[in-house]
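S.K.: When you number the sequence shown by this note's numbering, it's gap-free, plus one each residue, and the end is 165.
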Amino acid sequence: MYRKALDIGLKKLDPSLSGMLGPRIKNLPHGKLTADIALWSDNVRGVGNDAAHEETPITRDELIALRNFSEMVLRYLFTLPAMVKKRRGETLDWETNYS
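Structural data, given as structure tokens:
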């Protein structure tokens with residue numbers, strides 16, 4: 067599920083990014099993620115691949131690492147930019163009136 071959340075988030079952020087999840091994270095525009103988070107993706111990518119494609123279940127520690135990574139990426143890509151906009155008094159995308 068964490069991989070799926072990342073996949074959906076990346077598609078929302080930039081629909082032109084395609085292919086495997088790891089390279090898509092690395093190919094985000096400069097400044098979207100810190101270098102440390104991009105490097106971290108190398109460490110957890112194997113866990114995500116195993117969870118998606120292998121019969122052997124991943125360990126609790128691997129699951130926690132994947133969760134922590136996913137939360138951090140989504141926080142940097144969506145939560146923090148929204149917090150900045152809100153503090154500047156800007157309207158967030160989901161606050162617009164759709165009537």
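Think of the CB as a built atom: it goes at the ideal place given N, C-alpha and C, for glycine as much as any other residue.
By DSSP, does E137 sit in helix, in strand, or in coil?
M.R.: Here residue 137 refers to the residue found at position 71 when the sequence shown is read from its first residue. Here E137 carries a helix assignment [DSSP, helix/strand/coil].
S.K.: How many Å lie between R69 and G155 at the Cα?
M.R.: In the sequence shown, the residue the question calls residue 69 occupies position 3. In the sequence shown, the residue the question calls residue 155 occupies position 89. Answer to the nearest angstrom: the Cα atoms are 33 Å apart.
S.K.: Count the other CB atoms, across all protein chains shown, that sit within 10 Å of the CB of F144; report buried if there are 16 or more and exposed otherwise.
M.R.: For this step, residue 144 is matched to residue 78 along the sequence shown. By the 10 Å Cβ count, F144 comes out exposed.
S.K.: What's the call for I91, buried or exposed, on a 16-neighbour Cβ count within 10 Å?
M.R.: Working through the sequence shown from its first residue, we reach residue 91 at position 25. Around the C-beta of I91, 16 or more other C-beta atoms lie within 10 Å, and the residue is accordingly described as buried.
S.K.: If you draw a straight line from the alpha carbon of T14 to that of L146, how long is it in whole angstroms?
M.R.: This structure does not reach residue 14, given that the chain is present from 67 up to 165, and the question cannot be answered.
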